[in-house]
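First residue of the sequence shown: 19, per the numbering used here; consecutive thereafter.
Backbone N, C-alpha and C define an ideal beta-carbon position, used for all residues, glycine too.
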Amino acid sequence: MRFFVILLCGWLAGVAWAAPSSVAILQYHHIGHDTPRVTSVTAAELEAHFAWLQDQQFTVLSLADVQQRLAAGESLPAYTAAITIDDGWRNVYHEGLPVFKKYRYPFTIFVNPKLMREAPQQYMNWEQLKELQQYGAHIANHSNSHWHMTWRQDAETESEWRQRVEADILSAQQEIDEQLGPQPRHFAYPYGEYNEQLEQLLAEHGFLAFAQHSGPWTAYTTPTAIPRFPASAQYANLATLSTKLKSLGLPVISSTPASMVVAHGMVTPSFSVELANTDDFNPRQMNCFAGSSVLQPQWDGNRFTVQLEQPIPVGRSRVNCTVPSRSEPGRFYWYSQPFVRPNAQGTWPD
Ligand SMILES: [Zn+2]
19 MRFFVILLCG WLAGVAWAAP SSVAILQYHH IGHDTPRVTS VTAAELEAHF AWLQDQQFTV
79 LSLADVQQRL AAGESLPAYT AAITIDDGWR NVYHEGLPVF KKYRYPFTIF VNPKLMREAP
139 QQYMNWEQLK ELQQYGAHIA NHSNSHWHMT WRQDAETESE WRQRVEADIL SAQQEIDEQL
199 GPQPRHFAYP YGEYNEQLEQ LLAEHGFLAF AQHSGPWTAY TTPTAIPRFP ASAQYANLAT
259 LSTKLKSLGL PVISSTPASM VVAHGMVTPS FSVELANTDD FNPRQMNCFA GSSVLQPQWD
319 GNRFTVQLEQ PIPVGRSRVN CTVPSRSEPG RFYWYSQPFV RPNAQGTWPD
C-alpha cells in the first residue's frame, strides 16, 4: 500500500512537472561566403541546419501557426521550431533558393521596403519575394528605415518620437500589404532593440514583435518581446545550436527592468523574474552566464534575481540563464535578459 502511495505521488508530481510548449525560433541574416561573417551562414550551413531539423523530426511551423496554436491553448509537438531571416538581402534569394525548394519549410523574411527601394542591388525585390512565397516564405515587417528605433532625434519630444516611429512601422506594413496582399502583423526590431513605449505602440497596432535575445517562445512570452536564437557565425555550430533548439521556456509571469535600455551609468545592472512555478527544475541548479562570469541567482519563492558583477559594455549584451528540466532529461530551460547600455551621448554602435 505504501509503495502504491509513493508511486501515485510520483505520478501526480510528474503531471505537475510538464514543461510549457516551447518553440525555438532560428534567426538568420545573410546567406553567403563573402558577406560579414558575424551575420552570415553559408548555404551549406543553412542546409545542415535544415537537414538536422528533419533528421531530429522537428515540426517547423510558420510564426502565424505558432501564434494561433499558442493562443488556442494547444500543446505543440515536443520539438517545434520556426525559421526567420532578417533584412531581405539579395543573397537569401540566390544562395537560399535551392535549400528552401528542397525542404519546403515555412520561414519568415523581415524586410525594410524603404531600403529595398534605395539599394535595389543589395536587397530582394518584390518579384523575388513572391517567388520565395511559393517555397515557404512569409514576408513581414522590419520597419521601413532600419533605425535604432528607441533613439530620439535632437530635441525630439516623446510624442514626436512616437509619431515618427509609428509612421515608419505603419508605412512599411502598408507597402508590404499593397505588394503581397494583407500579411500577418509580425515585426522584427532592427538590432533587436526595444523599450516599453515601442512595445506599447506595436501592441496597440496588433503586432507580434520579435527580438534578438535568446530563448524559446511559449504561451508565457510577452507578445512584443519574443526571443529568437541567432544562428549565424559562431552560433551556426550545431554542437551548441542543437541544445538551444531543444530548450524549454520558463513559465515567466513578470520581469524587471521593463526596458532593455539602461542608464549610461548603470554598469552592473540586475534583473528579476517571477515564475508561475519551479516544479520542473531545481532552482539551485540555475546558472546565469554574463560575459565570462557565471552567476547564481538569488531566489525568493518563485522569483529570482540576478545581480551582475562585471561591468556590461556600451551597446548590446545579454545574460543567459539555464537550468536542467526534471521531466525531460537532457533538455534545459533557457532564459535570456537583454541589455543596452548607451554611451554618454545616449547612443551606441550598430
Ligand atoms: Zn536587421
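Following the DSSP letters along the chain, one finds residue 109 inside the alpha helix (DSSP H) bounded by residues 108-121. In the DSSP annotation of this structure, the continuous segment of the alpha helix (DSSP H) that includes residue 258 starts and ends at 256-263. For residue 293, the secondary structure class from DSSP, reduced to helix, strand or coil, is strand.
Per DSSP, the continuous beta strand (DSSP E) segment holding residue 103 begins and ends at 98-104.
Here the segment 285-297 lies against the segment 321-335, with 3 or more beta-carbon pairs under 8 Å apart. Assignment of residue 51 by DSSP, reduced to helix, strand and coil, places it in the coil class. Distances from the CB of residue 54 to the heavy atoms of ligand 1 are all 6 Å or more. Secondary-structure assignment with DSSP links residue 307 through a beta bridge to 312, 338. In the three-state reduction of the DSSP assignment, residue 175 falls in the coil class.
The shortest CA-to-CA distance from residue 310 to any of 250, 338, 316 is the one to 338.
With 6 Å as the limit, the residues whose C-beta approaches a heavy atom of ligand 1 more closely than that are 104, 105, 160, 164, 208, in chain order. The C-alpha of residue 203 is placed about 21 Å away from the C-alpha of residue 135.
The beta-carbon distance between residue 214 and residue 276, rounded to whole angstroms, is 5 Å. This is short enough to meet the 8 Å contact definition. A direct Cα-Cα distance of roughly 22 Å separates residue 105 from residue 85. When beta bridges are read from the DSSP output, residue 270 appears opposite 293. Secondary structure at residue 333: strand, using DSSP grouped into helix, strand and coil. A Cβ-Cβ separation of about 6 Å places residue 100 in contact with residue 81 under the 8 Å criterion. Secondary structure note for residue 74: it is in no beta strand (DSSP E), with a DSSP letter that is neither H nor E. A residue is called buried once 16 or more other Cβ atoms fall within 10 Å of its Cβ, and residue 223, having fewer, is exposed.
Within a 10 Å sphere around the beta-carbon of residue 312 sit fewer than 16 other beta-carbons, which makes this residue exposed. The C-alpha of residue 255 is placed about 32 Å away from the C-alpha of residue 225. Shown here, residue 239 sits in coil according to DSSP, grouped into three states, outside any helix or strand.
DSSP, read as helix, strand or coil, puts residue 228 in strand. Short of 6 Å from the beta carbon of residue 352, and not among the five residues preceding or following it, lie these beta carbons of its own chain, in chain order: 233, 265, 340. CA-to-CA, the gap between residue 304 and residue 267 works out to about 13 Å.
Here residue 270 really is in contact with residue 238; their C-beta atoms are around 5 Å apart, less than 8 Å. Check the Cα spacing between residue 245 and each of 257, 195, 278, 48: the tightest is with 278. Taking C-beta separations shorter than 7 Å and ignoring five residues to either side along the sequence, the partners of residue 133 in its chain run 141, 164, following chain order.
Bounds of the beta strand (DSSP E) holding residue 356 are 350-359. C-alpha of residue 207 to C-alpha of residue 95: approximately 28 Å in a straight line.
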